[in-house]
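Colleague: For the sequence shown, the residue numbers in full-length UniProt numbering are 1 to 145.
Built from N, CA and C at the ideal position, the CB exists for glycine as well.
There's a structure below that I have some questions on.
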Amino acid sequence: MNQPLGRRGRGPAGLLRPGGRVRRARRPDEGGSVTVVVVAAIGVALVLLWGGLALASAVIATHRARSAADLGALAAAQAVQRGVAAPEACAVGMSVTARNGARPAGCVVAPDGSVTARATTRAGLGLYAAGSGTTTATARAGPSP
């Protein structure tokens, strides 16, 4: 009868054949399959990390654009309330927008003294064009309608 050998240091692993010959136990041919799985898992993790970073960058850029537009509109509306002409008030608002990390994209002073300001910011990781874009925010400040 065939007896397994090789347990707890009793000899080479395999089956004992009649005549005392040992036949080696065959292992399934899976050499390197764990490497492929690990590389695939690392690849998936990197893609998820890249996506998370791109999403975080877009959220941060949106918040920056909104803040800059709000502050620019408030500064321009305050200038209008002090009696400054519309073009100069918009220049003040655009200056504040630029100092807050956004690019001014427009400013309109309405007849009622309210100001609408637009700001854009660049979103992206800066490494590849696929992960970058722009975000625009609009803010209104002044007397309530």
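Within this structure, are the beta carbons of A79 and A65 separated by less than 8 Å?
Modeller: Here residue 79 refers to the residue found at position 79 when the sequence shown is read from its first residue. Here residue 65 refers to the residue found at position 65 when the sequence shown is read from its first residue. Not closer than 8 Å, so no.
Colleague: Taking Cβ to Cβ, would you say G72 is nearer than 8 Å to T97?
Modeller: Here the question's residue 72 lines up with position 72 in the sequence shown. Here the question's residue 97 lines up with position 97 in the sequence shown. A contact, by the Cβ cut-off of 8 Å.
Colleague: T134 and R122: beta carbons closer than 8 Å?
Modeller: For the purposes of this step, residue 134 is taken as residue 134 along the sequence shown, with counting starting at 1. For the purposes of this step, residue 122 is taken as residue 122 along the sequence shown, with counting starting at 1. Contact flag set, yes.
Colleague: Mind the definition here: the region 93 to 109 touches the region 52 to 71 only if three or more C-beta pairs lie below 8 Å; say whether that holds.
Modeller: Judged by Cβ distances under 8 Å, the region 93 to 109 makes contact with the region 52 to 71, as three or more pairs qualify.
Colleague: If T138 and T116 are in contact, beta carbons under 8 Å, what's the gap, nearest whole angstrom?
Modeller: In the sequence shown, residue 138 corresponds to position 138, counting from 1. In the sequence shown, residue 116 corresponds to position 116, counting from 1. Indeed they touch by this definition, with Cβ atoms about 6 Å apart.
Colleague: Look at the alpha carbon of V108 and the alpha carbon of V59, and state the distance between them as a whole number of angstroms.
Modeller: Taking the first residue of the sequence shown as 1, we reach residue 108 at position 108. Taking the first residue of the sequence shown as 1, we reach residue 59 at position 59. Rounded to the nearest angstrom, the two C-alpha atoms are 26 Å apart.
Colleague: What is the C-beta distance between S114 and R140, in whole angstroms, given that I count them as a contact (C-beta under 8 Å)?
Modeller: Position 114 of the sequence shown holds residue 114. Position 140 of the sequence shown holds residue 140. Indeed they touch by this definition, with Cβ atoms about 6 Å apart.
Colleague: Roughly how many whole angstroms lie between the Cα atoms of A86 and V44?
Modeller: Along the sequence shown, one-based indexing puts residue 86 at 86. Along the sequence shown, one-based indexing puts residue 44 at 44. Each residue's Cα considered, the two are about 54 Å apart.
Colleague: Considering only residues of the same chain and omitting the five flanking positions on each side of G9, which have a CB-CB separation below 8 Å?
Modeller: Stepping through the sequence shown from its first residue, residue 9 is reached at position 9. Because the pLDDT of G9 is 41, which lies under 50, any placement of that residue in the model is unreliable, and the question is left without a value.
Colleague: Taking C-alpha atoms, which residue in G142, G124, S144, P143 lies nearest to G52?
Modeller: Along the sequence shown, read from residue 1 onward, the residue named residue 52 stands at position 52. Of G142, G124, S144, P143, the residue nearest in Cα terms is G124.
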